[in-house]
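Trainee: Encoded as structure tokens, here's the structure I'll be asking about.
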Amino acid sequence: MTSPRTRNKQRRNNVTNLQPTPESVPPRLFQAFTEGSKRNCVARMALNKSMHPRNRYKDKPPDFAYLSSKYPDFQKHVQTTLSGRVMLNFKDPEAVRALTCTLLKEDFGLSIEIPLERLIPTVPLRLNYIHWVEDLTGGQGSPRRGIDIGTGASCIYPLLGASMNGWYFLATEVDDICYNYAKKNVEQNNMADLIKVVKVPQKTLLMDALKEESIVYDFCMCNPPFFANQLEAKGVNSRNSRRPPPSSVNTGGVTEIMAEGGELEFVKRIIHDSVQLKRRLRWYSCMLGKKCSLAPLKEELRKQGVPKVTHTEFCQGRTMRWALAWSFYEDVTMPSPPNKKRKVEKARKPLSFTVVEATAVELHSQALSIGQTHTSHVESVSYWLESILTDLKVLHNRVPSCDSELSLFLTAVENTWVHARQKRREQSRQLHEVPKAPELGTPVGDCVEPTPAQDVTVPSSNEKESKAKQDPEKDTDVPCKTSSTQEQGSSVAAISPSSSSVHRFLFKCLMNVKVEDSDVLVEMHWVEGQNKDLMNQLCTSVKNSLFRRVAMSV
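Residue numbers for the sequence shown follow my numbering, beginning at 51 and rising by one.
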């Protein structure tokens with residue numbers, strides 16, 4: 051007698067194409083299946099949100115359950131799990147072919163036949179290319195003339211373009227089997243008046259196909275052979291070992307998947323043909339299977355002097371394709387290439403420091419003691435901040451702000467805060483340095499003006515005390531002999547940044563001073579400039595200078 055586990059395993063092996071019944075599975079499993087069916091839990095093709103926005107499968111993937119109930123040929127390749135999930139084996143060429151034929155019939159009204167030994171296209175990916183050509187030519191719903199180089203057995207690009215937009219196609223093919231199937235597919239869909247399939251010799255691309263033509267075409271399309279040899283086609287020497295194996299089967303004849311030099315040399319031949327044909331086609335385009343082919347092909351186009359070049363990406367699940375297009379017409383409109391993916395940056399928080407209530411009160415008192423008439427702590431803190439910025443030669447001006455805060459727009463044109471600590475120590479040393487006694491016979495009041503290398507300062511004790519209290523950062527040196535008014539004016543002009551230097555700024559930022567609870571918050575918001583670290587340094591220097599002023603007054 052078999053165990054319950056064995057019986058359940060046998061039932062799972064038998065339930066493939068048959069709908070389960072209460073008699074075939076335990077009641078609990080049957081209930082799970084019916085609930086899964088109600089939720090419409092279908093297995094969907096691996097699709098990607100980066101598909102073309104007009105691709106019908108972008109937001110509405112194929113419903114395998116519905117398609118299997120409508121098309122018996124497709125239902126044969128579908129498996130339904132006990133949970134109600136509908137599965138398709140993409141490693142099975144017959145299953146992939148059934149899906150392609152079913153989607154073309156259901157969504158486009160096209161009936162085609164494809165041999166298993168030739169390339170079986172996926173509909174969503176091919177639809178991406180068609181939509182991109184619409185973008186290039188502005189031909190959505192408009193009659194256009196195009197060329198499909200190597201149309202394949204399915205003739206899928208001409209059939210899609212003709213059925214969707216009424217486009218005229220010249221479809222070329224070198225393989226006998228593909229040519230015969232392509233002609234048959236065109237005829238059985240009654241599109242011989244829109245699609246002309248021609249058999250061309252090996253290695254024929256555009257020149258030989260158009261030598262007897264005088265028509266100006268709007269575009270050409272091409273899905274070139276991706277690989278140069280069998281090893282490359284099997285991924286032996288080209289596929290990254292870290293990548294997972296392909297999730298679908300790779301079909302296709304030798305002429306469809308391999309060419310001398312691979313896709314790179316194949317597309318270069320198309321480029322060389324286009325240089326001779328030039329304005330016989332408005333747009334030349336091709337699809338690439340390797341991203342590494344894109345850069346050398348764009349470089350080749352640059353060398354050939356092609357004026358208009360653009361590219362895009364086609365996405366479907368784990369499958370990525372790249373497309374390249376170029377034109378010799380100056381008046382064509384180029385779609386924008388896809389943006390590089392960037393990490394979404396969080397809003398950068400401003401640099402800030404807090405002036406606690408006690409410190410703000412002291413700064414307010416200092417401002418009142420020198421004749422300022424501030425009515426709020428925000429105004430007093432802002433006054434001393436402006437004083438510090440002036441000493442640091444940072445340009446600043448007040449800008450409109452709300453009632454509860456004060457805003458300053460800062461422009462730093464010179465890094466004056468670097469090594470400020472060493473400068474302060476040197477100033478302190480000079481303040482406490484005892485001056486040399488004058489030489490015998492020389493009056494004290496007639497000191498000779500020293501050279502720049504011999505500057506000696508003799509501040510009085512009262513001047514030193516009052517000056518340090520008001521502005522400890524400011525140089526308090528008093529020369530023995532005063533300079534002329536003209537010299538003083540030139541000295542001030544040298545300290546203040548010139549108007550022309552404003553154009554060569556280090557950075558610009560916005561400083562906000564506002565009340566936060568009972569404290570005062572100072573924020574610095576980056577605007578533009580060379581390096582945000584410079585703003586960080588300035589913020590630290592301003593904060594230390596502000597707090598040092600309070601510490602020296604205690």
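Where is the CB? At the ideal position from N, CA and C, for every residue including glycine.
Could you check whether residue 413 and residue 561 sit closer than 8 Å to each other, using their CB atoms as the reference points?
Mentor: no
Trainee: What is the DSSP secondary structure of residue 373, counted as helix, strand or coil?
Mentor: strand
Trainee: So residue 174 packs on residue 101, CB below 8 Å; how close in whole Å?
Mentor: 7 Å
Trainee: Taking all protein chains shown into account, do 16 or more other C-beta atoms lie within 10 angstroms of the C-beta of residue 41, making it buried, or fewer, making it exposed?
Mentor: Because the chain here runs from 51 to 604, residue 41 falls outside it and cannot be looked at.
Trainee: By how many angstroms is the C-alpha of residue 368 removed from the C-alpha of residue 383?
Mentor: 30 Å
Trainee: In three-state DSSP terms, what is residue 589?
Mentor: The answer is helix: DSSP assigns residue 589 an H, G or I state.
Trainee: Is it buried or exposed, residue 85, if we count other Cβ atoms within 10 angstroms and call 16 or more buried?
Mentor: With a pLDDT of only 41 at residue 85, under the threshold of 50, the placement of this residue in the model should not be trusted, and no figure is reported.
Trainee: Anyone know if the C-beta pair for residue 219 and residue 186 falls short of 8 Å?
Mentor: Cβ distance not < 8 Å, so residue 219 and residue 186 don't count as in contact.
Trainee: Is it true that the CB of residue 350 sits closer than 8 Å to the CB of residue 321?
Mentor: Their beta carbons are under 8 Å apart, which means residue 321 touches residue 350 by this criterion.
Trainee: If you follow the beta strand (DSSP E) that residue 363 is part of, which residue opens it and which one closes it?
Mentor: 358-366
Trainee: By the three-class DSSP mapping on this structure, what secondary structure does residue 452 have?
Mentor: coil
Trainee: Hey, out of 217, 259, 179, 428, whose CA is closest to residue 339's CA?
Mentor: 179
Trainee: Are residue 127 and residue 109 close, meaning C-beta to C-beta below 8 Å?
Mentor: no
Trainee: What separation, rounded to the nearest whole angstrom, lies between the Cα atoms of residue 418 and residue 430?
Mentor: So the alpha carbons of these two residues sit roughly 9 Å apart.
Trainee: From which residue to which residue does the alpha helix (DSSP H) around residue 332 run?
Mentor: That residue, residue 332, is in no alpha helix (DSSP H); its beta strand (DSSP E) goes 331-338.
Trainee: So residue 259 and residue 232 are supposed to be a Cβ contact under 8 Å. How far apart are they, rounded?
Mentor: The pair is not a contact, with the Cβ atoms about 15 Å apart (cut-off 8 Å).
Trainee: Expressed to the nearest angstrom, what Euclidean distance is found between the alpha-carbon atoms of residue 19 and residue 364?
Mentor: Residue 19 is absent from the structure shown; the chain starts at 51 and stops at 604.
Trainee: What's the gap between the Cα of residue 166 and the Cα of residue 267?
Mentor: 33 Å
Trainee: Within 10 angstroms of its Cβ, does residue 578 collect 16 or more other Cβ (buried), or is it exposed?
Mentor: exposed
Trainee: Can you look up residue 248 in the DSSP assignment and give me helix, strand or coil?
Mentor: strand
Trainee: Buried or exposed for residue 261, going by 16 or more other Cβ atoms inside 10 Å?
Mentor: exposed
Trainee: Within 10 angstroms of its Cβ, does residue 593 collect 16 or more other Cβ (buried), or is it exposed?
Mentor: buried
Trainee: Please state whether DSSP places residue 271 in a helix, a strand or coil.
Mentor: strand
Trainee: Where does the unbroken beta strand (DSSP E) through residue 345 begin, and where does it stop?
Mentor: Counting along the chain, residue 345 falls outside any beta strand (DSSP E), though it belongs to the alpha helix (DSSP H) covering 344-353.
Trainee: Give me, in chain order, the residues of the same chain whose beta-carbon lies closer than 6 Å to that of residue 616; leave out the 5 immediate sequence neighbours on both sides.
Mentor: Outside the shown range of the chain, which is 51 to 604, sits residue 616, and nothing can be said about it.
Trainee: Can you give me the Cβ contacts of residue 564 inside the same chain, cut-off strictly under 7 Å, excluding the 5 residues immediately before and after it?
Mentor: 428, 454, 455, 571
Trainee: To which residues does DSSP link residue 462 through a beta bridge?
Mentor: Paired residues: 557.
Trainee: My assumption, with CB atoms under 8 Å, is that residue 201 sits in contact with residue 223. Please give the rounded CB distance.
Mentor: 5 Å
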